[in-house]
Amino acid sequence: MSDTVSRTNQPRFRATRVASRYQVRQALVFIAALAAISMGLSQLRASAAESSVVAVVNADPISRDALGDAVLQRYGTDVLDNLVNQHLIMQECKKNGIDISAEDVRTEVLRVAKKFGLSLESYLQLLQEERDITPDQYSREIIWPMLALRALVSDQVEVTQEEFNRAFLSQFGEAIKCRMIMVSDPTQANQLQSQAQVDPGSFVRLAKEFSEDETSASVGGLIPPIRRYMGDSNLEEAAFALKDGEVSPVLQIGDQWIFLQAVRRMPASHPSPQALPAIKEQIADRIRDEKMKVAAGELFEKLQKESKVVKVLGNPEASQQHPGVAAIINGQQISIAAVADKCIKRHGEEVLEGEINRKLLAQALKSSGKTVTQADIDQEITRAAISYGYIRSDGKADTDAWMQTIVSQGKSTEKIYVQDAVWPSVALKKLVEDSVQLSQDDMQKGFASAFGPRAEVLAIVLSDQRTAQKVWEMARDNASEDFFGQLAEQYSIEPTSSSNFGKVPPIRQFGGQPAIEKEAFAMKPGELSGIIATGDKYIVLRCQGFTEPIVSDFEAVREELERDLIEKKTNLAMGVKFDELKQRAEIDNFFSVSKAAPRVATRSGGR
Numbered sequence: 001m002s003d004t005v006s007r008t009n010q011p012r013f014r015a016t017r018v019a020s021r022y023q024v025r026q027a028l029v030f031i032a033a034l035a036a037i038s039m040g041l042s043q044l045r046a047s048a049a050e051s052s053v054v055a056v057v058n059a060d061p062i063s064r065d066a067l068g069d070a071v072l073q074r075y076g077t078d079v080l081d082n083l084v085n086q087h088l089i090m091q092e093c094k095k096n097g098i099d100i101s102a103e104d105v106r107t108e109v110l111r112v113a114k115k116f117g118l119s120l121e122s123y124l125q126l127l128q129e130e131r132d133i134t135p136d137q138y139s140r141e142i143i144w145p146m147l148a149l150r151a152l153v154s155d156q157v158e159v160t161q162e163e164f165n166r167a168f169l170s171q172f173g174e175a176i177k178c179r180m181i182m183v184s185d186p187t188q189a190n191q192l193q194s195q196a197q198v199d200p201g202s203f204v205r206l207a208k209e210f211s212e213d214e215t216s217a218s219v220g221g222l223i224p225p226i227r228r229y230m231g232d233s234n235l236e237e238a239a240f241a242l243k244d245g246e247v248s249p250v251l252q253i254g255d256q257w258i259f260l261q262a263v264r265r266m267p268a269s270h271p272s273p274q275a276l277p278a279i280k281e282q283i284a285d286r287i288r289d290e291k292m293k294v295a296a297g298e299l300f301e302k303l304q305k306e307s308k309v310v311k312v313l314g315n316p317e318a319s320q321q322h323p324g325v326a327a328i329i330n331g332q333q334i335s336i337a338a339v340a341d342k343c344i345k346r347h348g349e350e351v352l353e354g355e356i357n358r359k360l361l362a363q364a365l366k367s368s369g370k371t372v373t374q375a376d377i378d379q380e381i382t383r384a385a386i387s388y389g390y391i392r393s394d395g396k397a398d399t400d401a402w403m404q405t406i407v408s409q410g411k412s413t414e415k416i417y418v419q420d421a422v423w424p425s426v427a428l429k430k431l432v433e434d435s436v437q438l439s440q441d442d443m444q445k446g447f448a449s450a451f452g453p454r455a456e457v458l459a460i461v462l463s464d465q466r467t468a469q470k471v472w473e474m475a476r477d478n479a480s481e482d483f484f485g486q487l488a489e490q491y492s493i494e495p496t497s498s499s500n501f502g503k504v505p506p507i508r509q510f511g512g513q514p515a516i517e518k519e520a521f522a523m524k525p526g527e528l529s530g531i532i533a534t535g536d537k538y539i540v541l542r543c544q545g546f547t548e549p550i551v552s553d554f555e556a557v558r559e560e561l562e563r564d565l566i567e568k569k570t571n572l573a574m575g576v577k578f579d580e581l582k583q584r585a586e587i588d589n590f591f592s593v594s595k596a597a598p599r600v601a602t603r604s605g606g607r
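Structure, rendered in structure tokens:
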């Protein structure tokens, strides 16, 4: 279980789906008692998902309305902004008689997929896995608006001969192969440029030693050929003014200072007559796409400025005047129900998991006769503020600054932070507080781990036993520390030990790696360990000695140590407790039933 969620030590909960026919019938009897007579269980589940129940937790239902309220609190503003933008574009399309068909959308998605060398199915799957964008969301909220805006500005975009000529030269024209040195200090840039001018042959060495552009520095300053009309005209003019071997003056590019050395001129290339028509079409399409993006952006800004948009959601005064309305765009209303529905489609599964788990915790609290008070909430917020360093000059927690930090991130409100992070953490602590106790053995081990001596070792980490045996034998036959370091550099698969000739951070007792700790603390300085098998790795250690204890007086740190150990044991118990609640619970999650099958959607301008 994760230690932190939303900057607290509260675990991130995930719902468990447990099929239970009996439980479903009990929970839904008040909704569809008559329907259950004629419906099969699968039909009942689909009906429940489409109407009022999205999940049942130990016979306690979660309604779709409750889920709608929850997602509106968390995502309503963002989703409404997106809907407002879509409506602005839809209104403009309707005004201009533009309709973007489902086939238009599908063709564009297929074109983009092919651009990345993927099939349509693979591309949509990649979007969902890597960016959490469903096919429906991608087509409706990304592709459709883009196609609509392009259609609205298509008559404003023409590719001129001059634009084509420039693009052709930038791709096929004469080029200068150059080396470059880039630094952030202008004084240093001038010093290096002077050295390079006096001795042009030193440019490669200077680039490797001083250039802050790591990619080019690694190859002696070499950069891709510079052609005209590629981007920065000052850079291009400087490059084309050079003869082979010459060094340019220092140029400022953004907040960096650079100078070039010409390597050689590369003549213009000439595509074959057979390939030329396709190349010309490709260049023209690219220019047209770029100009359309700019024109579409300008049009969208104009629509936003000239439209009359009243956002009601989140505005108590406006909500009284327009009940049930989320926004009004040029007189056209967007209902709160429509926003809630969109929120559920986009974020419902994620939010429902939290609602299910809150209900699990609430049920467990009720069963154990415990409650979460406001004082408990305040205490947890104070703990979180202190743990993240929000402390006033008087040594007390600066909870105001801490809450301001949470809110200023724009992803939460105080209310949501308490609901999603603080309350679940407090609830779990309440459920395990009676079972968390510290023994004297816990205290002694904790003291040794936190303040006791550390084993200073060199380590070689290997992936298979055969190589480990070979390395161990070599280390045994040549017992010097330097040779062990060379073996680590050559054979260790762990980056730290390999790059530092075997040196790794000191090993402490009771740190969670018993096999390694036992071997490390059993050795004397200069001794070689046996081969330690841990997980799928094999480790060989060489002891360098032991550090002095950080603290020798146990009583001096007893209070701090006890507080730390209790928190660690509590967090561990919280994870175990929540796993138990999930395993024992009977949970039916109907949300997946209500989700539409993946498809490439569309929206016409007239709807």
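Here full-length UniProt numbering is used: the first residue of the sequence shown is 1, the next is one more, and so on. Built from N, CA and C at the ideal position, the CB exists for glycine as well.
Subject >> Coarse secondary structure for Phe-172, derived from DSSP in three states >> reply: Stepping through the sequence shown from its first residue, residue 172 is reached at position 172. Residue state, collapsed to three classes: helix.
**OP:** Below 8 Å CB to CB, which residues in the same chain sit around Arg-265 once its five sequence neighbours on both sides are set aside?
**Re:** Stepping through the sequence shown from its first residue, residue 265 is reached at position 265. For Arg-265, where only same-chain residues beyond five positions count, the Cβ hits under 8 Å are Glu-174, Ala-175, Ile-176, Lys-177 and Asp-244.
Subject >> Backbone CA spacing between Asp-232 and Gly-117 [nearest angstrom] >> reply: Start at 1 with the first residue of the sequence shown, and residue 232 comes out as number 232. Start at 1 with the first residue of the sequence shown, and residue 117 comes out as number 117. Going by the C-alpha atoms only, they are around 31 Å apart.
Original post:
With a Cβ-Cβ cutoff of 9 Å, do Phe-591 and Val-54 count as a contact?
Top reply: Here the question's residue 591 lines up with position 591 in the sequence shown. Here the question's residue 54 lines up with position 54 in the sequence shown. Going by C-beta atoms, Phe-591 is nearer than 9 Å to Val-54.
**OP:** Could you tell me the distance, in whole angstroms, from the CA atom of Gln-86 to the CA atom of Arg-111?
**Re:** On the sequence shown, residue 86 is found 86 positions in, with the first residue counted as 1. On the sequence shown, residue 111 is found 111 positions in, with the first residue counted as 1. Answer to the nearest angstrom: the Cα atoms are 23 Å apart.
Subject >> Extent of the continuous beta strand (DSSP E) run through Pro-525 >> reply: Reading the sequence shown from its first residue, position 525 is the one you call residue 525. Note, Pro-525: premise wrong, no beta strand (DSSP E); not H, not E.
**OP:** On the DSSP bridge assignment, give the partners of Glu-456 in chain order.
**Re:** Residue numbering aside, residue 456 sits at position 456 when the sequence shown is read from its first letter. Partner(s): Gly-545.
Original post:
Is Asn-478 helix, strand or coil by DSSP?
Top reply: Reading the sequence shown from its first residue, position 478 is the one you call residue 478. Coil, per DSSP.
**OP:** Could you check the C-alpha separation between Val-471 and Tyr-491 for me, to the nearest Å?
**Re:** Against the sequence shown, residue 471 aligns to sequence position 471. Against the sequence shown, residue 491 aligns to sequence position 491. So the alpha carbons of these two residues sit roughly 8 Å apart.
Original post:
DSSP on Val-247, reduced to helix/strand/coil?
Top reply: Position 247 of the sequence shown, counted from the start, is the residue given in the question as residue 247. If DSSP states are grouped into helix, strand and coil, Val-247 belongs with the strands.
**OP:** Classify Val-24 as buried or exposed, calling it buried when 16 or more other Cβ atoms lie within 10 Å of its own Cβ.
**Re:** In the sequence shown, counting from the first residue as 1, residue 24 sits at position 24. A caution first: Val-24 carries a pLDDT of 36, below 50, which makes its placement in the model unreliable, though a value can still be read off. So Val-24 ends up on the buried side.
Subject >> Touch test, the stretch 536-551 against the stretch 377-386, Cβ-Cβ under 8 Å, three pairs minimum >> reply: no
Subject >> Top-ranked residue by Cα proximity to Gly-68, from Leu-303, Gln-583, Glu-349 and Ser-122 >> reply: Numbered from 1 along the sequence shown, position 68 holds the residue referred to as residue 68. When only C-alpha atoms are compared, the closest one is Glu-349.
Subject >> First through last residue of the beta strand (DSSP E) which encompasses Asn-589 >> reply: For this step, residue 589 is matched to residue 589 along the sequence shown. Looking at the DSSP string, the run of the beta strand (DSSP E) that includes Asn-589 is 587-589.
Original post:
Given that a residue counts as buried once 16 or more other Cβ atoms are within 10 Å of its Cβ, and exposed if not, what is Met-292?
Top reply: If you number the sequence shown from 1, residue 292 lands on position 292. Under this definition Met-292 is a buried residue.
**OP:** Put Ser-393 into one of helix, strand or coil per three-state DSSP.
**Re:** Position 393 of the sequence shown, counting from 1, holds the residue named residue 393. Ser-393: coil per DSSP, three-state reduction.
Original post:
With a CB to CB cut of under 7 Å and the five nearest residues on each side skipped, what residues in its chain are close to Phe-484?
Top reply: Taking the first residue of the sequence shown as position 1, residue 484 is located at position 484. Excluding residues within five positions, the ones whose Cβ falls inside 7 Å are Leu-458, Ala-475, Gly-502 and Arg-542.
Original post:
Can you give the Cα-Cα distance for Asp-155 and Glu-162, rounded to whole angstroms?
Top reply: As a working mapping, residue 155 is identified with position 155 in the sequence shown. As a working mapping, residue 162 is identified with position 162 in the sequence shown. Each residue's alpha carbon lies about 19 Å from the other.
**OP:** Could you tell me if Asn-234 is buried or exposed, where buried requires 16 or more neighbouring beta carbons within 10 angstroms of its beta carbon?
**Re:** The residue you call residue 234 lines up with position 234 of the sequence shown. Burial call: exposed.
Original post:
When we look at the beta-carbon of Leu-352 and count the other beta-carbons within 10 Å, is it buried (16 or more) or exposed?
Top reply: As a first step, residue 352 must be located in the sequence shown, where it is residue number 352. Buried, by the Cβ-count rule.
Subject >> Check whether Thr-399 and Tyr-388 have beta carbons under 9 Å apart >> reply: Residue numbering aside, residue 399 sits at position 399 when the sequence shown is read from its first letter. Residue numbering aside, residue 388 sits at position 388 when the sequence shown is read from its first letter. Result no, Cβ atoms of Thr-399 and Tyr-388 do not sit closer than 9 Å.
**OP:** Consult DSSP for Arg-508 and reduce its assignment to one of helix, strand or coil.
**Re:** As a first step, residue 508 must be located in the sequence shown, where it is residue number 508. Arg-508 falls in the coil class under three-state DSSP.
**OP:** Pick helix, strand or coil for residue 646, following the three-state DSSP scheme.
**Re:** Examination of residue 646 is not possible in this model, given that the chain is present from 1 through 607 alone.
Subject >> Backbone CA spacing between Ser-368 and Leu-561 [nearest angstrom] >> reply: Residue mapping note: residue 368 aligns to position 368 of the sequence shown, counting from 1. Residue mapping note: residue 561 aligns to position 561 of the sequence shown, counting from 1. One C-alpha to the other measures close to 30 Å.
**OP:** Kindly identify the DSSP beta-bridge partner or partners of Val-153.
**Re:** Your numbering for residue 153 matches position 153 in the sequence shown. Paired residues: none, contrary to the question.
Original post:
What is the rounded straight-line gap between the Cα of Ala-455 and the Cα of Glu-214?
Top reply: Sequence index remark: in the sequence shown, residue 455 carries index 455 (1-based). Sequence index remark: in the sequence shown, residue 214 carries index 214 (1-based). One C-alpha to the other measures close to 37 Å.
**OP:** Please state if the CB of Thr-534 and the CB of Pro-506 are separated by a distance shorter than 9 Å.
**Re:** By 1-based counting over the sequence shown, the position of residue 506 is 506. By 1-based counting over the sequence shown, the position of residue 534 is 534. Going by C-beta atoms, Pro-506 is not nearer than 9 Å to Thr-534.
**OP:** Reducing DSSP to helix, strand and coil, say where Asp-464 ends up.
**Re:** Indexing the sequence shown from 1 puts residue 464 at position 464. Asp-464: coil per DSSP, three-state reduction.
Subject >> C-alpha distance - Val-153 paired with Ser-101, whole-angstrom precision >> reply: Mapped onto the sequence shown, residue 153 falls at position 153. Mapped onto the sequence shown, residue 101 falls at position 101. Going by the C-alpha atoms only, they are around 17 Å apart.
**OP:** State the CB to CB distance for the pair Lys-513 and Phe-521, rounded to an integer number of angstroms; the pair is presumed to be in contact (CB under 8 Å).
**Re:** Position 513 of the sequence shown holds residue 513. Position 521 of the sequence shown holds residue 521. Looking at the sequence itself, residue 513 is Gln, so the reference to Lys does not match. Contact flag wrong, Cβ pair sits at about 12 Å.
Subject >> Nonlocal neighbours in the same chain, by C-beta distance under 8 Å from Glu-414, ignoring five residues either side >> reply: Sequence index remark: in the sequence shown, residue 414 carries index 414 (1-based). Cβ within range, chain order: Met-403, Ile-406 and Val-407.
Original post:
So, do the stretch 562-573 and the stretch 435-447 have three or more beta carbon pairs nearer to each other than 8 Å?
Top reply: yes
**OP:** Compute the Euclidean distance between the alpha carbons of Val-157 and Ala-295, then round it to the nearest angstrom.
**Re:** Along the sequence shown, read from residue 1 onward, the residue named residue 157 stands at position 157. Along the sequence shown, read from residue 1 onward, the residue named residue 295 stands at position 295. C-alpha separation (whole angstroms): 8 Å.
Original post:
What are the residues that DSSP puts in a beta bridge with Arg-558?
Top reply: For the purposes of this step, residue 558 is identified with residue 558 of the sequence shown, where counting begins at 1. According to DSSP, Arg-558 bridges with nothing at all.
Original post:
Which partner residues of Met-266 appear in the DSSP bridge assignment?
Top reply: Here the question's residue 266 lines up with position 266 in the sequence shown. DSSP, once it has assigned bridges, lists Ala-175 as partnering Met-266.
Original post:
Which class does Tyr-138 belong to by DSSP, given the choice of helix, strand or coil?
Top reply: Sequence index remark: in the sequence shown, residue 138 carries index 138 (1-based). Helix, per DSSP.
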